[in-house]
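S.K.: When the letters of the sequence shown are read in order and numbered with UniProt numbering, they come out as residues 1 to 684.
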Amino acid sequence: MWDTGRAFQIAAEMRRYNLEVLRISETHWTQVGQQRLTTGELLLYSGHEEENAPHTQGVALMLSKQAQNALIGWESHGPRIIKASFKTKKEGTSMNIIQCYALTNDYNEDAKDQFYNRLQSIVEKCPIKDLTILMGDFNAKVGTDNTGYEDIMGRHGQGERNENGTTVESNWKGIKEAITSTCHEVLSHKKHHHKEWITVDTLDKIQERRNKKTAINTSRTRAEKAKAQAEYTVVNKQVKKSIRTDKREYVEGLEKTVEKAAREGNMRQLYDITKKLSGNRRKPERPVKSKEAEVITNIEEQQNRWVEQLKELLNRPAPLNPPNIEAAPTDLPINVGLPTIEEISMAIRQIKNQIATLRVIVEQSIEWNSSLYINFIDYEKAFDSVDRITLWKLLRHYGVPPKIVNIIQSSYDGLHCKIVHGGQLTKSFEVKTGVRQGCLLSPFLFLLVIDWIMKTSTSEGKHGIQWTSRMQLDDLDIADDLALLSQTQQQMQEKTTSVAAASAEKGFNIHKRKSKVLRYNTACTNPTTIDGKDLEDVKTFTYLGSIIDEQGGSDADVKARIGKARAAYLQLRNFWNSKQLLTNTKQRRTVGENKQDPSGGRNQEEALEVDRTHIEESTQLRHKASSNMESSRLKKNRTTKEHITPAKGDRHEKNEQELNGIRKGGPGQSGLENAGRRPMPHWE
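1) Kindly indicate which residue of Pro-329, Glu-505 and Asn-69 has the alpha-carbon position closest to the one of Ser-385.
2) Under three-state DSSP, which class holds Phe-508?
3) Just mark Trp-368 as buried or exposed, buried being the case when its beta carbon has 16 or more other beta carbons within 10 Å.
4) Flag Glu-196 as yes when its Cβ comes closer than 7 Å to any non-hydrogen atom of the ligand SAH, and as no otherwise.
5) If you follow the alpha helix (DSSP H) that Ala-11 is part of, which residue opens it and which one closes it?
6) Considering Tyr-373, what are the terminal residues of the beta strand (DSSP E) in which it resides?
7) Tell me which same chain residues have a C-beta within less than 7 Å of the C-beta of Asp-480, skipping the five on either side of it?
8) Any idea what DSSP makes of Ser-25, helix, strand or coil?
9) Report the option in Lys-291, Thr-214 and Pro-287 whose CA atom is closest to the CA atom of Asn-298.
10) Express the C-alpha separation of Val-251 and Lys-260 in angstroms, rounding to a whole number.
11) Which residue comes first and which comes last in the beta strand (DSSP E) that contains Arg-97?
12) I believe Val-239 touches Thr-214 by the beta-carbon criterion, under 8 Å. Please report the beta-carbon distance rounded to the nearest angstrom.
13) Identify every residue that forms a DSSP beta bridge with His-77.
14) Lys-516 lies in the alpha helix (DSSP H); which residues open and close that run?
15) Buried or exposed: Tyr-271, going by 16 or more other Cβ atoms within 10 Å of its Cβ?
16) So, for Val-431: in the same chain, excluding its five sequence neighbours on each side, which residues have a beta-carbon less than 8 Å away from its beta-carbon?
17) Roughly how many whole angstroms lie between the Cα atoms of Ala-568 and Lys-559?
18) Quick check: the region 341–352 against the region 458–468, are there 3 or more CB pairs under 8 Å?
19) Considering only the beta carbon of each residue, do Ile-122 and Ile-81 sit closer than 8 Å?
20) Determine whether the beta carbon atoms of Asp-474 and Thr-458 lie at a separation below 8 Å.
21) Would the beta-carbon of Leu-372 fall within 8 Å of that of Val-360?
22) Tell me which residues share the same chain as Ala-12 and place their Cβ nearer than 6 Å to its Cβ, disregarding the 5 neighbours each side in the sequence.
23) Could you tell me whether the Cβ atoms of Ile-530 and Ala-500 are closer together than 8 Å?
24) Starting from the Cα of Thr-257, find the closest Cα among Gly-143, Val-400, Ile-273 and Ser-370 and give me that residue.
25) Unbroken alpha helix (DSSP H) runs of length 4 or more, entirely within the region 40–66: which are they?
26) Can you list the beta strand (DSSP E) stretches of 3 or more residues lying completely in the region 424–491, in chain order?
27) With distances taken Cα to Cα, identify the nearest neighbour of Gly-92 among Pro-127, Trp-197 and Gln-114.
28) Tell me which same chain residues have a C-beta within less than 6 Å of the C-beta of Trp-2, skipping the five on either side of it?
29) Could you have a look at Phe-575 and say whether DSSP puts it in helix, strand or coil?
30) Where do the N-terminal and C-terminal ends of the alpha helix (DSSP H) with Val-239 fall, by residue?
31) To which residues of the same chain is Asp-137 closer than 8 Å at the C-beta, ignoring the five residues directly before and after it?
32) DSSP has Gly-136 in a bridge; who is on the other side?
33) Under a three-way DSSP split, which group does Ala-84 fall into?
34) Quick test of your reading: Val-538 and Asn-375, contact by CB under 8 Å. State the CB separation rounded to the nearest angstrom.
35) How would you label Ser-515, buried or exposed, when you count the other beta carbons within 10 angstroms and need 16 or more for buried?
36) Considering only residues of the same chain and omitting the five flanking positions on each side of Gly-507, which have a CB-CB separation below 8 Å?
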């Protein structure tokens with residue numbers, strides 16, 4: 001390969017034979033590296049690394065474009081051995097290809113032993129669950145005499161067996177014996193795998209068909225073969241019919257389970273069964289890398305890397321300037337009752353109306369040609385960044401009884417966790433920051449911190465948009481999805497700086513790359529910055545699952561939702577194209593469409609009335625934003641959570657549960673009397 005143009009000749013032959021990975025020996029290239037050819041192939045090579053080294057030996061692997069996409073990493077082991085690892089279709093299993101160029105018989109025994117020992121150590125380091133392929137030029141002749149080696153070699157070798165050939169045959173003999181003994185100990189017998197929905201009767205018919213097929217192959221006369229073929233045809237039709245029946249019953253059972261899950265609100269089961277019907281249940285697995293971006297293949301090292309990563313994430317340093325938060329003079333009353341259906345429905349409508357409010361604000365800004373700045377704030381690992389000392393202070397500030405605060409604090413003290421990786425548990429480590437993932441109390445605790453951040457950062461000054469004749473709207477927020485609103489770039493910069501400072505006091509860091517700014521009707525191009533770094537100006541942003549763009553309206557969002565629905569429909573292509581399912585099964589309606597209305601149509605009329613009321617409310621909200629007049633009916637029915645700044649600069653919050661607001665005072669006053677009834681948003 002040292003000759004000019006030889007690499008391109010090899011690549012052309014590789015494409016002609018439709019090869020994905022090609023091993024190359026005696027490249028005569030020096031140094032270690034990789035080179036991409038103009039035709040798209042990638043060449044991984046390993047040679048002598050010394051200066052002025054001779055152009056001898058050398059090994060390489062040439063990869064096609066498909067093999068490059070599956071490449072995990074590769075290693076150089078001198079001028080005679082190179083190793084590359086690839087992803088496979090089987091989840092959790094990689095393929096290791098080891099290319100070697102063995103020494104000839106002219107070398108002494110010590111050099112040969114050193115080479116084979118090194119090769120053996122490389123093979124042993126490959127995980128046992130991975131597929132390992134060893135190939136190369138062993139400079140060995142095995143000859144045609146396979147006496148004693150019948151199970152590992154044939155009789156089609158060339159020449160006579162040399163010393164290297166004897167060494168190779170002995171090694172393969174030992175490997176074959178190890179594999180055979182392991183198979184007998186672990187597997188004991190071959191297990192037949194079949195689809196879970198195939199019944200025992202169908203399996204018996206399949207076995208009968210297999211026997212008929214054997215009878216065709218073993219028949220001695222034409223008459224016997226014709227008779228066996230006729231019997232096979234009959235049994236084959238029975239097998240196909242039985243398989244269609246089994247699959248139809250299986251899918252119908254899944255449909256009933258899906259309907260039951262939909263009625264009960266079991267979205268996890270609904271999602272899993274849909275994935276099962278679509279035939280797409282593979283989970284992509286990315287390689288674990290070290291801090292130096294090196295691929296880690298050993299399971300134990302991968303576990304240690306996960307522990308190291310999450311230990312740093314869940315044990316963040318305390319804020320440099322923690323806030324001084326005073327406790328409330330009185331405790332909140334405790335309500336132990338369950339939330340009502342109306343409160344849950346109100347929480348769901350709150351998210352929908354939050355999107356509608358922002359969309360109406362954008363449309364009115366475009367209609368009245370008024371400037372508008374929207375800064376969508378995104379926190380880095382928000383749930384895992386909460387400073388717990390500040391959290392306990394906030395609980396006391398909002399009037400939570402000390403006894404309950406102590407109970408919550410004791411449940412977090414000494415908290416340890418383990419990581420599941422590769423089906424194994426790692427060693428436990430302590431978690432000192434953040435709130436628990438999956439705990440029912442965590443959203444409430446997290447909302448307290450967000451509530452305090454927004455209250456302290458926007459309580460002074462008029463930096464929002466005009467909402468009524470005397471009120472300004474500063475921001476819209478659900479959980480950590482924050483949308484800051486301002487009319488000028490200077491106001492947005494001051495508000496963003498204030499929110500970033502208040503967030504840092506609680507342990508939060510704003511993600512500068514994911515936070516985006518939308519501008520409307522403004523010629524100002526000055527960027528909004530945080531700590532000297534510019535936030536990106538975008539023309540479209542997805543807020544709470546809905547697309548907000550610079551054109552206003554909902555056209556882009558409707559197109560996106562149609563695209564998602566089409567993609568979901570196409571995921572069930574195997575289901576729609578199945579010839580084993582009846583057309584009635586494919587066209588079966590949903591639960592709500594099949595369900596009869598016992599009220600004789602009264603429920604449909606009530607549903608239409610609800611939709612009509614919702615349209616009227618949206619219309620009133622639009623009129624309110626355009627005329628800066630507050631409608632009394634909107635006060636009663638509005639479900640969005642808004643932060644309002646009156647003319648004097650004091651901060652108020654209005655929601656559907658208490659129109660007078662639950663935060664009337666400044667940072668030193670408690671205002672969470674109705675916190676126990678506040679709706680909880682959905683958390684990812």
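All C-beta atoms, glycine included, are put in the ideal place defined by N, C-alpha and C.
M.R.: Well, looking at it:
1) Ranking Pro-329, Glu-505 and Asn-69 by CA distance to the CA of Ser-385 puts Glu-505 first.
2) In the three-state reduction of the DSSP assignment, Phe-508 falls in the coil class, being assigned neither a helical nor a strand state.
3) Exposed, because fewer than 16 other Cβ atoms sit within 10 Å of the Cβ of Trp-368.
4) Absence of the ligand SAH is noted for the structure shown, with no ligands found whatsoever.
5) Boundaries of the alpha helix (DSSP H) around Ala-11: 6–16.
6) Here the beta strand (DSSP E) through Tyr-373 covers 372–377.
7) Excluding positions up to five away in sequence, the list reads Tyr-379, Ala-382 and Ile-450.
8) In the three-state reduction of the DSSP assignment, Ser-25 falls in the strand class.
9) For the residues Lys-291, Thr-214 and Pro-287, the minimum Cα distance to Asn-298 belongs to Pro-287.
10) About 14 Å.
11) Arg is not the amino acid found at residue 97; the sequence shown has Ile there. Per DSSP, Ile-97 belongs to the beta strand (DSSP E) from 94–101.
12) Approximately 15 Å separates the beta-carbon atoms of Val-239 and Thr-214; this is outside 8 Å, ruling out the contact.
13) Beta-bridge pairing by DSSP links His-77 to no other residue.
14) Looking at the DSSP string, Lys-516 is not in any alpha helix (DSSP H); the run it does join, the beta strand (DSSP E), is 516–520.
15) So Tyr-271 counts as exposed.
16) Here Val-431 has Leu-314, Asn-315, Leu-415, His-416 and Cys-417 as same chain residues with Cβ atoms under 8 Å from its own Cβ, once five neighbours each way along the sequence are excluded.
17) Those two C-alpha atoms are separated by around 14 Å.
18) Counting Cβ pairs under 8 Å, fewer than three are found: no touch.
19) Between Ile-122 and Ile-81, the C-beta spacing is below 8 Å.
20) Here Asp-474 is near Thr-458, since their CB atoms are less than 8 Å apart.
21) No, Cβ-Cβ distance for Leu-372 and Val-360 is not below 8 Å.
22) Listed in chain order, the non-local C-beta contacts of Ala-12 below 6 Å within the same chain number zero, local neighbours out to five positions each way being set aside.
23) Contact flag set, yes.
24) Closest in C-alpha terms to Thr-257, from the list Gly-143, Val-400, Ile-273 and Ser-370, comes Ile-273.
25) Those alpha helix (DSSP H) runs which fall completely within the region 40–66 and span 4+ residues do not exist here.
26) Correct list: 471–478 and 481–486.
27) Distance from the Cα of Gly-92 is smallest, within the candidate group Pro-127, Trp-197 and Gln-114, for Pro-127.
28) Within the same chain, Trp-2 has close Cβ partners His-28 and His-55.
29) Here Phe-575 sits in helix by DSSP.
30) Counting along the chain, the alpha helix (DSSP H) containing Val-239 begins and ends at 222–264.
31) Closer than 8 Å at Cβ, skipping near neighbours: Ser-25, Glu-26, Cys-100, Tyr-101 and Ala-102.
32) Answer is Cys-100.
33) Here Ala-84 carries a strand assignment [DSSP, helix/strand/coil].
34) Rounded, the Cβ-Cβ distance is 11 Å, inconsistent with contact.
35) Buried, by the Cβ-count rule.
36) Contacts found: Arg-316, Ala-318, Pro-319, Ser-385, Val-386, Asp-387, Thr-390 and Thr-433.
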